[in-house]
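Structure first, commentary second.
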Amino acid sequence: LEARLEQANLLKKVVDAIKDLVQDCNFDCNDSGIALQAMDNSHVALVSMMLKAESFSPFRCDRNIALGINLSSLMKVLRCAQNEDILTLKADDAPDVVNLVFESSESDRLSEYDIKLMDIDQEHLGIPETEYSATISMPAAEFQRICRDLIALSESVAIEATKEGVKFSCSGDIGNGAVTLRSHTNVEKPELNVDIALSEPVALTFSLKYLVNFCKASGLSGTVKLCLSSEVPLLVEYTLASNSYLRFYLAPKIGD
Amino acid sequence: KAGQGNIMNFFGKK
């Protein structure tokens, strides 16, 4: 494997966003790119990352390899990179280590690190293609704000999408709270757009602790996409450049 | 009281 990333910051942000949810995971490398799929310890949430080969330049992976990496170790090394550094990941065919090289584009500084790999027996889950009842895209910062505001009142949030809009509501010991967003197009600031595509109304309840955790990815993309259907996990997607993505799935709360 | 769903009940093992 040899994969060169124009900005080390991208990988740094991705790992930073998921490291509190999953600890040890396999980075599955093949000629289409680098993928990661991992559940949190309690099997409530699933992280799915895809960094497509096109996100790297160049990208070369001659043989499929799984790099088992402890994310807190990876984060320690990624913190040694300057945000603007060029990052090259390298690994052999049957690797014991993954090699990370940081190059400054402005100076002649070159730093090199090896991280010891681990054997991780990780099961891959099959994520079915789903036609979601509601797909909401909104500013990532707005979603983060709503989750952070509501967690002050309650541990869970009901997300209800109707043709009127999308309502995030919660109730807790001190009282209730709700934030409603309607579809909104801002021609001058399209990054503030809220788009709600609805085939049928849907209402589901989720743990806010996990949503707040997902929102650590807000720095990766201006927009977040929420996809909901009755009785299936919520998809929270941050789209990255070159069709790469960071997706989180969250199992709904069940029964009453 | 609502319980928490398990992601493995929705996405089967590959």
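Chains as they are written, first to last, in our numbering: chain A, 26 to 281; chain B, 17 to 30.
Beta carbons: idealized from backbone N, C-alpha and C, even for Gly.
Remember, it's a predicted structure, so these values are computed and weren't measured experimentally.
task = Count the CB pairs spanning the region 267 to 280 of chain A and the region 135 to 149 of chain A that are closer than 8 Å, and state whether there are at least three.
result = Using a C-beta cut-off of 8 Å, the region 267 to 280 of chain A makes no contact with the region 135 to 149 of chain A, since fewer than three inter-stretch Cβ pairs fall below that distance.
Problem set entry | C-beta contact flag for D53/A and A60/A at 7 Å | For D53/A and A60/A, yes; Cβs fall inside 7 Å.
Going by DSSP, what residue range makes up the beta strand (DSSP E) through Q32/A?
DSSP places Q32/A in no beta strand (DSSP E); its state is neither H nor E.
Using a Cβ cut-off of 7 Å (strictly closer), state whether V257/A contacts chain B. Yes, V257/A lies at the interface with chain B (some Cβ there is under 7 Å from its Cβ).
request  = Could you list the residues in the region 253 to 277 of chain A with a C-beta less than 7 Å from some C-beta on chain B, going in chain order?
outcome  = Correct list: V257, P258, Y274, A276, P277.
>> Can you confirm whether the region 19 to 26 of chain B touches the region 84 to 103 of chain A when touching is taken to mean that 3 or more C-beta pairs between the two stretches lie within less than 8 Å?
In response: Output reads no: the region 19 to 26 of chain B does not touch the region 84 to 103 of chain A.
*Where in the region 137 to 210 of chain A do unbroken runs of the alpha helix (DSSP H), each at least 4 residues long, occur, reported from the N-terminal end onward?*
At a cut-off of 4 residues, the continuous stretches assigned as alpha helix (DSSP H) that sit fully inside the region 137 to 210 of chain A are 165 to 175.
- Query: Taking the alpha helix (DSSP H) that N238/A falls in, what are its first and last residues?
  - Reply: Annotation for N238/A: the continuous alpha helix (DSSP H) segment containing it runs 233 to 239.
Query raised in the report: Taking only beta-carbon atoms, is V237/A less than 7 Å away from chain B?
Result: No, no contact with chain B.
- Item | Collapsed DSSP secondary structure at E79/A in the structure displayed | In the displayed model, E79/A falls within a helix according to three-state DSSP.
DSSP three-state call for T269/A: helix, strand or coil?
Note on identity: in this sequence residue 269/A is Ser, with Thr being the wrong assignment. Looking at S269/A - three-state DSSP - the assignment turns out to be coil, as it is neither helix nor strand.
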